[in-house]
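Engineer:
In mature numbering (1 follows the signal peptide of the UniProt record, and there is no 0), the protein residues as written are -27 to -1, 1 to 325.
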């Protein structure tokens, strides 16, 4: 009898839940400031996932961008590209006179951006002013980067502690157990990178930030307000270091399941036997090699049993080597320096 009397009380939470008005959930409105080359590939992965989750993403891109193909029909169907017309000469002026060039962009774009109801700004720190726009809009800022030279942005803007005694600055190839000489180089890099970067910001960009906001400001002040820093690497392969709570390691975001190899590449792989193959990539900005460099690389690769295919275009006069060249766009690869550095030093004596 007691069970039946308490039954209405048990059903009361469910009844209240059914009576509560359920408001529809809408996707957010994201403004993205992408970088170029590999920076765009990583940010593109984030943007594609946002679009899959029904968020609206507007990508601010110059029409002279060498990486962001805003004319691609498939991308145009998924992303909202906000293209502002600039020339290569304009981009050169941005590098030489950033204040003047950014003021032109400010007059063209800022009114439209301020009128749009953006909920968050996603920025590659190499694309300037995204942090300033987020600050003016009063919306959260998310930064996506691998590292800055000397880790200046992480230290000065992100307030990441970096003990020099056991944390090497990027891109120094040291680990947490440095010799005295390596620590000395680490210290010199620390002082030089901090001084030069802060001086460059102070002489150019900081003045522009202060002018736009109407109060004294700086790059690090606005960038330091970022809610999340997405660090494009793996925590477990980095040297041990203290990490701020808003630094999130997201290495491997751009990795995808492998597609089936083209027929010619499949034949190349099968012909290699048990030794396997090596695919050598030089990154997105190196597409051609000189004869001298190509011969050095081909000779070095000729001393290992694997077949080698390179993504860079060049000509070699070394005959009989198991070395082929083919244009491979962002093929998942093992970087060339890993193999060259493993070869005996005497292999390179003829080329010195």
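All C-beta atoms in this analysis are idealised placements derived from N, C-alpha and C, irrespective of residue type, glycine included.
#1: Would you check if the distance between the CB atom of residue 159 and the CB atom of residue 212 is smaller than 8 Å?
#2: Which residues does DSSP pair with residue 118 in a beta bridge?
#3: May I ask you to report which of helix, strand or coil DSSP gives residue 96?
#4: Are there 16 or more other CB atoms within 10 angstroms of the CB of residue 116, so buried, or fewer, so exposed?
#5: On the DSSP bridge assignment, give the partners of residue 2 in chain order.
#6: Could you give the DSSP three-state label for residue 182: helix, strand or coil?
#7: Tell me the DSSP secondary structure of residue 224 in three-state form.
#8: If you draw a straight line from the C-alpha of residue 88 to the C-alpha of residue 153, how long is it?
#9: From the DSSP output, read off the bridge partner residues of residue 40.
#10: Could you tell me if residue 264 is buried or exposed, where buried requires 16 or more neighbouring beta carbons within 10 angstroms of its beta carbon?
#11: Cβ of residue 82 within 8 Å of Cβ of residue 5?
#12: When you compare the CB positions of residue 33 and residue 3, do they come within less than 8 Å of one another, or not?
#13: Taking 8 Å as the cut-off, does the region 177 to 196 touch the region 102 to 120 (at least 3 CB pairs, one atom from each stretch)?
#14: Nearest CA to the CA of residue 161: which residue from 247, 280, 141, 202?
#15: Go ahead and label residue 130 buried or exposed: buried means 16 or more other beta carbons lie within 10 angstroms of its beta carbon, across all protein chains shown.
#16: Residue 280 by DSSP, collapsed to three states: which one?
#17: Report the rounded CA-to-CA distance for residue 170 versus residue 18, giving the unit in angstroms.
#18: Is residue 187 near residue 205, with beta carbons less than 8 Å apart?
#19: In whole angstroms, what is the alpha-carbon distance linking residue 1 and residue 222?
Structural biologist: Let's see:
#1: Here the question's residue 159 lines up with position 186 in the chain shown. Here the question's residue 212 lines up with position 239 in the chain shown. In this structure, residue 212 does not lie closer than 8 Å to residue 159 by Cβ.
#2: Taking the first residue of the chain shown as 1, we reach residue 118 at position 145. DSSP lists 204 as partners of residue 118.
#3: As a working mapping, residue 96 is identified with position 123 in the chain shown. In this structure, residue 96 counts as strand in the three-state DSSP scheme.
#4: The residue labelled residue 116 in the question sits at position 143 within the chain shown. Result: buried.
#5: Reading the chain shown from its first residue, position 29 is the one you call residue 2. Answer is 29.
#6: Taking the first residue of the chain shown as position 1, residue 182 is located at position 209. The answer is helix: DSSP assigns residue 182 an H, G or I state.
#7: Your numbering for residue 224 matches position 251 in the chain shown. Reduced to three states, the DSSP call for residue 224 is coil.
#8: As a first step, residue 88 is located in the chain shown; it is residue number 115 there, counting from the start. As a first step, residue 153 is located in the chain shown; it is residue number 180 there, counting from the start. Distance between the alpha carbons of residue 88 and residue 153: 55 Å.
#9: By one-based count along the chain shown, residue 40 stands at place 67. Per DSSP, none; premise fails for residue 40.
#10: Along the chain shown, read from residue 1 onward, the residue named residue 264 stands at position 291. Exposed is the call here.
#11: Sequence index remark: in the chain shown, residue 82 carries index 109 (1-based). Sequence index remark: in the chain shown, residue 5 carries index 32 (1-based). For residue 82 and residue 5, no; Cβs fall outside 8 Å.
#12: The residue you call residue 33 lines up with position 60 of the chain shown. The residue you call residue 3 lines up with position 30 of the chain shown. Cβ atoms of residue 33 and residue 3: not closer than 8 Å.
#13: yes
#14: By 1-based counting over the chain shown, the position of residue 161 is 188. Ranking 247, 280, 141, 202 by Cα distance to residue 161 puts 141 first.
#15: Walking along the chain shown from the start, residue 130 turns up at place 157. Classification of residue 130: buried, given that the 10 Å Cβ count is 16 or more.
#16: By one-based count along the chain shown, residue 280 stands at place 307. Note: residue 280 maps to strand in three-state DSSP.
#17: Within the chain shown, numbered from 1, the residue matching residue 170 stands at position 197. Within the chain shown, numbered from 1, the residue matching residue 18 stands at position 45. Roughly 29 Å separates the two Cα atoms.
#18: Sequence index remark: in the chain shown, residue 187 carries index 214 (1-based). Sequence index remark: in the chain shown, residue 205 carries index 232 (1-based). In this structure, residue 205 does not lie closer than 8 Å to residue 187 by Cβ.
#19: Sequence index remark: in the chain shown, residue 1 carries index 28 (1-based). Sequence index remark: in the chain shown, residue 222 carries index 249 (1-based). Looking at the two C-alpha atoms, the distance is approximately 23 Å.
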